[in-house]
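Trainee: Protein chains in written order, with our numbering: chain G, 2 to 816; chain Z, 1184 to 1329.
Ideal placement from N, C-alpha and C gives every residue a C-beta, glycine not left out.
None of these values were measured; they are calculated from a predicted model.
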Amino acid sequence: MEPKNWVGKPLPRKEENRLLRGRGKFADDIKMREMLYLRFVRSPYAHARLLHLKLSSAEALSGVICTLSGREIEPLTQPFIEIGPEPCAKIRDYPLAIDKVRYQGEPVAAIVAESPQIADDAAELVEVEYDPLEPVLDAEQALSDGSILHESAGTNRVWNGIFEYGDLESAFRDAAYVVTIDRMHFHRFSSTPLENNVVIAQWDSKDDHLYYSCNNSFPSFAIQFLAAHLQLHIDKIRVQTADIGGSFGIKITNYPQMAVCALASKKAGGRPIKWVETRSEHMTSSAHGNERTFRDTRVALDKDGVITAISSRHIDDCGAYPRYEPLGCVIWSQVLPGVYRVKNLRIDFTQAVTNKCPVGPNRGYSRMQHLWFLERVTDICAHQLGIAPDQMRLRNYIRPEEFPYTTPNGCVYDSGNYPRMLALAKDLLDWDSWTKKRHEARSQGRWVGMGVGTTLDSGTNNFGQSQIVNPDAPFSGNSQGANCKLDIYGEVVVAVGSCPQGQGHETTAAQVVADVLNISPELVSVRTGFDTERNVHTGFSGTYASQFAVSGLSAVHGAAQKLRAEMRRLAAFVLKTNEDDVEFGAGPQGPELRAKSTGQAISYWGLANIVNVNSALLPPELHDITLNCRFVWRAPFKVPDKQKKFGNLTLTYAAQLHAAVVEIERDTFVPRILAYVAVDDCGMVINPPIVEGQVYGATAHGIGAALMENCVYDAAGNMLTSTFSDYTPITALNMPRIQYGHIETPSPHSYSGAKGMGEGGAAPLHTISAALQDALSGEGIVIADSFNNGDTLFRAIVGKQIYQAAHIVSLERRS
Amino acid sequence: MPIKLSGEFEVRKTPDEVYEFLTDPAKFAPLLPDFESITVEDASHFVVRVKLGVSHIKGTAAVKMELAQAERPSRAQYKGQGAIAGGHFSLVAAFDLLAAVGGTKVNWQGEAQIFGRLISLAGGLVEPLAKKNIKKLIDALQGALT
């Protein structure tokens, strides 16, 4: 059999057969004997003292097994670990409120019953007395500490740090232009996976082990938090995931609910407990993406419109509890200058708690807010200086010949070619033709605009960046584990420490192994989901941060190579030849290893038989062969310089360049997309349809976020968009036609030249903001918020209430 | 967002008589729209059970009431809290009494605030309902004091 390169081929996904036929196995599909059902009682208040909690009526209802309150679990547990240093470290975070509630939807009690319906009824019988407090709903307001959420911390400030690089003083002194932008705002939204959070927990008293079946998407992180919280040895916690209906990062932070389910199981005598989150629970109390406000931005530019310095103050709203935060306070700095050459930057970054749902990683986590900021800065400066926004970008892009490019804070952009992406996007959009159409439309009084958004999807992060946030944080580097084996009957079986949620890991892992062993991907079985007891995972295992193509597949590749080496050695012994004489191929009975010199061959089954059940044939010098090979891939990172906030924070930098034409209807003010192009560069593509699918998914999320999806709170802290009727997530019906294109700039940092991808850098947010800016530039309006719908545009254009350029932007021209 | 309403009316009774009526839960509480029952806890605390419904969300709410200010014969203020499916609510009702020709002028202020999913599900219906119920209460008060 001639060697084939399966990597790069457009193979159909192995997962498709079961997922598209409704045969996926999701956590809620699991039924267990004596299973009980848990329901949370949640706070209607955003901020209130918890005066009295009466559970007796609920407990008296037939079918109720037990209840749990914050007061009950407090002495049984430790507060969850806080990643940040003080004051963040002083926050006492428990999964059930103890004496205070801090966001609407915060759990105050849990009911365990024989059926979900009984648990629902019992939850209605719980009497809770609250003393409402002034809610804090704005991060800037929170920093005044007028009403403090966490008295133990003494402040609403979670973290503050200044990221300063280069020589700003000289840059501003020598600038030809200085643009000042008073305030911009990146709104709060979520990614609404199809499947909500699900947890099944069983604290088995027979072996004092805790067993989870769930859809957490970063289990190796979750068990570190759970072990410390539950005061249980980490090796006694088994987490299994199967198919997961999307996460986009949101399911990383469902460990508090996992903790409650565990404690409930223990109280219920070890019976398994299932909790299935409702959509409204998910919307109010799962996790949202970070909301960020950008204040006092100053931009220095030279006479040609090249940005030479940016100074700004960023305030991040992490909701009521930091949880995975304040990692977001540093993660954005993976893309500090975005795609631009600017060398002098100063970002004063502060994070605050507010009486809103806690945030969590959300597709494009922390970077998209910063990239949107940079794209708005670039776009606004272009308009101020009268430079076409596409030309502005060409003047400022990092040039292709500059790669690998080291950013001012020490990150190394592996490869890229942004001008080529822009050229391709303009070509696909038919930019020149649309420019003419836009001119005609404007002469008819229509608001038509064209925009470009260039963005990065940094993947495989260096957890050493956590030490920039907290010098004592015990994390750095990144790794992933995989196992590749021949089982007793000679089947090639792969297990990885990832927990895919639709990214096609089974397919791409099979492609990699098939190339190494020179077999068809159909002959490679890839185990679905995550299982701590497979023992392939590392402390970083999970699926997040655009990294599987690099970390996961590098681990698979390494494990497959180890297996290949063992198979070759064993075959050489059996075939009585030397290893160089052994080739991999296929014979009449399937895959085999053959001696080129004699034509003799041994099948995979034959090799597996000798090692596993016929081992007396093995000479002592081959006793180290197991045909069961674990490989841990480690990213080549160093610990960053904590003081200077300097170092390589991410391994690969995929890029997205989107271009759009939008029109704002004059009667309704509703923005509509007339044309849309998405160009992607994720290095060497492993499976084109999978990459294209992820580009479409990320584009849909971004368009939804830009035009439709917004977590709205009223002044009392009520979340007004807690159902899909109000939140209006994007659907296929709202999607415009997307023209997709891609280029490949191979990454030197991965064995295959691939880069991690899938988050999309929130490119549509940047692009649509830019296109709206272009459409409304004649109206004296600056798009200063990432969310724009008919209502906000009406208030800007007619009401003159928001986005008024005179209030937001000023330009200083120097001779 | 709090719902705030205010108004005034005149009755023929003296401020002392009006004050007496307003601060007696047994007289005042039954005037609440869809009143079901009252449990008096002490001189300034009582629990009223009323029927409440917003669109398809219907039920009985136990409203814990407190006579928070009692300044004979010029002012009475109630504060209350209750819960129905999908939400909690708090209310403040204050009455300032002024002697007038032939009776008493009653200046009243009401403030209600709803918390919880109810606002998301039926927020647009809450304010008209609150206004309707407050009008019913004021009409009933006027009737009882005339």
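Once DSSP output is grouped into helix, strand and coil, what is the label at glycine 155 of chain G?
Mentor: Looking at glycine 155 of chain G - three-state DSSP - the assignment turns out to be coil, as it is neither helix nor strand.
Trainee: Quick one: Cα of arginine 673 of chain G to Cα of leucine 1205 of chain Z, how far?
Mentor: Distance between the alpha carbons of arginine 673 of chain G and leucine 1205 of chain Z: 57 Å.
Trainee: Give me the subset of the stretch 1285 to 1312 of chain Z whose CB atoms are less than 9 Å from a CB atom of chain G, sorted by chain position.
Mentor: Against chain G - using a Cβ distance shorter than 9 Å - the residues of the stretch 1285 to 1312 of chain Z are Gln1296, Ile1297, Phe1298, Gly1299, Arg1300, Leu1301, Ile1302, Ser1303, Leu1304, Gly1306.
Trainee: Taking Cβ to Cβ, would you say threonine 1 of chain G is nearer than 7 Å to aspartate 682 of chain G?
Mentor: Since the first residue of chain G shown is 2 and the last is 816, residue 1 of chain G is not available in this structure.
Trainee: Serine 221 of chain G and serine 542 of chain G - do their beta-carbons sit closer together than 7 Å?
Mentor: Taking 7 Å as the Cβ cut-off, serine 542 of chain G and serine 221 of chain G qualify as a contacting pair.
Trainee: Taking only beta carbons into account, state which residues of the stretch 702 to 727 of chain G come closer than 8 Å to chain Z, listed in chain order.
Mentor: Listed by position, the residues of the stretch 702 to 727 of chain G near chain Z (Cβ gap below 8 Å) are Asp715, Ala716, Ala717, Gly718, Asn719, Met720, Leu721, Thr722, Ser723, Thr724, Asp727.
Trainee: So is phenylalanine 230 of chain G buried or exposed if we call it buried at 16+ other beta carbons inside 10 Å?
Mentor: Position check: residue 230 of chain G holds histidine in this sequence, whereas phenylalanine was assumed. Label assigned to histidine 230 of chain G: buried.
Trainee: So does leucine 524 of chain G have its beta carbon nearer than 6 Å to some heavy atom of the ligand GDP?
Mentor: Of the ligands one can find in the structure shown there are none, so the ligand GDP has no counterpart to examine.
Trainee: Can the beta-carbon of leucine 39 of chain G be found closer than 7 Å to that of isoleucine 274 of chain G?
Mentor: It is a contact, given that the beta carbons lie within the stated cut-off.
Trainee: For the stretch 1258 to 1269 of chain Z, list every residue whose C-beta sits within 9 Å of some C-beta in chain G, in sequence order.
Mentor: From the stretch 1258 to 1269 of chain Z, only Gln1264, Ala1266, Ala1268, Gly1269 have a Cβ closer than 9 Å to chain G.
Trainee: Quick check on histidine 1228 of chain Z - is its C-beta less than 7 Å from some C-beta in chain G?
Mentor: Chain G, which has no Cβ nearer than 7 Å to the Cβ of histidine 1228 of chain Z, makes this no.
Trainee: Could you tell me which residues DSSP pairs with cysteine 67 of chain G in its beta bridges?
Mentor: Cysteine 67 of chain G pairs with G:Val113.
Trainee: Is the Cβ of tyrosine 213 of chain G closer than 7 Å to any Cβ of chain Z?
Mentor: Closer than 7 Å: no.
Trainee: Kindly provide the ranges of any alpha helix (DSSP H) runs that are 4 or more residues long and lie completely inside the stretch 33 to 92 of chain G, ordered along the chain.
Mentor: Counting only runs of 4 or more, we get 57 to 61, 71 to 74.
Trainee: Between which two residues does the beta strand (DSSP E) harbouring phenylalanine 1278 of chain Z extend?
Mentor: Counting along the chain, the beta strand (DSSP E) containing phenylalanine 1278 of chain Z begins and ends at 1270 to 1283.
Trainee: Let me make sure I understand the geometry here. Which of Z:Glu1219, Z:Gly1307, Z:Phe1278 has the alpha-carbon closest to that of proline 1185 of chain Z?
Mentor: The residue with the shortest Cα to Cα distance from proline 1185 of chain Z is Z:Gly1307.
Trainee: Pull out every residue of the stretch 40 to 58 of chain G whose Cβ sits closer than 9 Å to any Cβ of chain Z, in chain order.
Mentor: Residues Arg43, Ser44, Pro45, Tyr46, Ala47, Ala49.
Trainee: Cβ of serine 281 of chain G within 7 Å of Cβ of alanine 28 of chain G?
Mentor: No. Outside cutoff.
Trainee: So with CB distances below 8 Å, who are the chain Z contacts of tyrosine 131 of chain G?
Mentor: Within 8 Å Cβ-Cβ: Gln1264, His1271.
Trainee: Starting from the Cα of phenylalanine 1229 of chain Z, find the closest Cα among Z:Pro1213, Z:Pro1208, Z:Leu1235 and give me that residue.
Mentor: It is Z:Pro1208 whose Cα lies nearest to the Cα of phenylalanine 1229 of chain Z.
Trainee: Please identify, using Cβ separations under 9 Å, the residues of the stretch 258 to 286 of chain G that lie next to chain Z, in order along the chain.
Mentor: Listed by position along the chain: Ser281, Met284, Thr285.
Trainee: Which full runs of the alpha helix (DSSP H) of 4+ residues lie inside the stretch 321 to 345 of chain G, going along the chain?
Mentor: Entirely contained in the stretch 321 to 345 of chain G, the alpha helix (DSSP H) runs reaching 4 residues are, in chain order, 329 to 332.
Trainee: My output table needs one value for cysteine 319 of chain G: the three-state DSSP class, helix, strand or coil.
Mentor: Three-state result, cysteine 319 of chain G: coil.
Trainee: Which same chain residues, not among the five before or five after leucine 564 of chain G, have their C-beta less than 6 Å away from its C-beta?
Mentor: Closer than 6 Å at Cβ, skipping near neighbours: Cys485, Cys630.
Trainee: Going by beta carbon distance, what residues of the same chain come within less than 7 Å of tryptophan 606 of chain G, once the five residues before and after it are set aside?
Mentor: For tryptophan 606 of chain G, where only same-chain residues beyond five positions count, the Cβ hits under 7 Å are Tyr490, Gly491.
Trainee: By how many angstroms is the C-alpha of glycine 25 of chain G removed from the C-alpha of lysine 32 of chain G?
Mentor: Rounded to whole angstroms, lysine 32 of chain G to glycine 25 of chain G spans 15 Å at the Cα level.
Trainee: Please return the same chain residues whose Cβ sits closer than 6 Å to the Cβ of asparagine 418 of chain G, not counting the five positions on each side in sequence.
Mentor: For asparagine 418 of chain G, where only same-chain residues beyond five positions count, the Cβ hits under 6 Å are Pro401, Thr746.
Trainee: The stretch 87 to 107 of chain G: which residues have C-beta closer than 9 Å to a C-beta of chain Z, in chain order?
Mentor: Result list: Gln105, Gly106.
Trainee: Within 8 Å, do at least three Cβ pairs link the stretch 606 to 621 of chain G to the stretch 455 to 475 of chain G?
Mentor: Judged by Cβ distances under 8 Å, the stretch 455 to 475 of chain G makes no contact with the stretch 606 to 621 of chain G, as fewer than three pairs qualify.
Trainee: Taking only runs of the beta strand (DSSP E) that begin and end inside the stretch 649 to 726 of chain G, which ones reach a length of at least 3 residues, in chain order?
Mentor: The stretch 649 to 726 of chain G contains these whole beta strand (DSSP E) runs: 651 to 665, 672 to 682.
Trainee: Please classify serine 459 of chain G as buried or exposed, where buried requires at least 16 neighbouring CB atoms within 10 angstroms.
Mentor: Serine 459 of chain G should be labelled buried.
Trainee: Just to confirm the assignment, what range does the alpha helix (DSSP H) spanning alanine 515 of chain G have?
Mentor: Start and end: 506 to 518.
Trainee: Just how far apart, CA to CA, sit arginine 22 of chain G and proline 13 of chain G?
Mentor: Looking at the two C-alpha atoms, the distance is approximately 15 Å.
Trainee: Could you tell me which of G:Ala172, G:Arg272, G:Gly246 sits nearest to histidine 210 of chain G, measuring between CA atoms?
Mentor: The shortest Cα separation from histidine 210 of chain G among G:Ala172, G:Arg272, G:Gly246 belongs to G:Arg272.
Trainee: Do threonine 544 of chain G and cysteine 500 of chain G have their CB atoms nearer than 7 Å?
Mentor: Against a cut-off of 7 Å, the Cβ pair of cysteine 500 of chain G and threonine 544 of chain G comes out as a contact.
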